Amino acid sequence: MWKMMKSSIAIAIAFLAIGRPSYAAFITFDELSDGDVVANQYAGLGVVFSSTAGHEIRVITAPAFNGSKPNLICTGVVAGSLDCSNEVILNFATAVDGLTFDGLANDNSIGSSFATLDVFQNFQLTHTFALLVSQGHLNPDHQDLSAYSGITEIRIYNNTDPGGTAYDNFSFTQTPEPATFALAGFAVLALAASRKRGNR
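Going by this note's numbering, the first residue of the sequence shown is number 1, and it counts up by one from there.
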């Protein structure tokens, strides 16, 4: 029995040592329709989009902008017009790494700020900084947060662009929690133990 248990433990340790696989997500909104409210459509990828009270995030079809065509997202007043200047919030069910996205339609001068970003790592606010215009107008201002691991939320607010900012091409990887793999290891042990009992 102990020999079998040692073998099972070795298998479980090897399984854990392989490393936690990452699951990549790339969200373009292109499967949605113009005017759709974006909220929990991507919960299956581990993220929910929202805004502040009285505002919502909606899809706009604007193929002239050089994101992934044809759709972008923009914020505005519920049942009102989109001015694209309100807060955009992403909440992640599991901490993510390698987060990037594009801001579009910025008319501020290149090198200037168009909004402020809060980064929450493991549910704690850890960084606040300005998002900068790199190309502006029809071209994407790429925002790379890959230096920050374990992101559980971001907030984009204080938009200063005269026409507001649209967003597109959210990309990130999710890494399951170590507890998930610990449970998998215990499952291997339980399976080995049940096989041993069945062979008696």
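Just so it is clear, CB atoms sit at the ideal spot from N, CA and C, and this is done for glycine as well. This structure is a prediction, so every number in the text was calculated from the model and none was measured.
Residue state for Ala-43 is assigned as helix, using DSSP reduced to three classes.
Note on Glu-31: under 16 other CB atoms within 10 angstroms of its CB, so exposed under the neighbour-count rule. Contact fails between the region 66-79 and the region 143-153, because fewer than three Cβ pairs, one in each stretch, are under 8 Å apart. By DSSP's assignment, Thr-116 forms a beta bridge with Ala-130 and Tyr-157.
DSSP, reduced to helix, strand and coil, places Ser-33 outside both helices and strands of the structure shown, so it counts as coil. Going by beta carbons, Thr-126 and Tyr-157 fall outside the 8 Å limit.
The beta carbon of Tyr-167 sits closer than 8 Å to the beta carbons of Leu-72, Ile-73, Cys-74, Val-88, Phe-101, Asp-102, Gly-103, Leu-104 and Ile-156 from its chain, once the five residues preceding and following it are set aside; these are given in chain order. Between the region 32-45 and the region 54-65 there are three or more C-beta pairs closer than 8 Å, enough to call the two in contact. Looking at the DSSP output, His-55 shares a beta bridge with Val-77. With distances taken between CA atoms, Phe-172 lies nearest to Val-96 out of Val-96, Gln-124, Asn-122 and Ala-39.
DSSP places Thr-100 in the uninterrupted beta strand (DSSP E) bounded by 88-104. For Thr-173, the enclosing beta strand (DSSP E) has its first and last residue at 166-174.
Ranked by Cα distance from Gly-44, the first of Leu-131, Ser-109, Ser-81 and Thr-94 is Thr-94. Distance from the CA atom of Asp-107 to the CA atom of Asp-161, rounded to whole angstroms, is 6 Å. Distance from the CA atom of His-137 to the CA atom of Leu-82, rounded to whole angstroms, is 17 Å.
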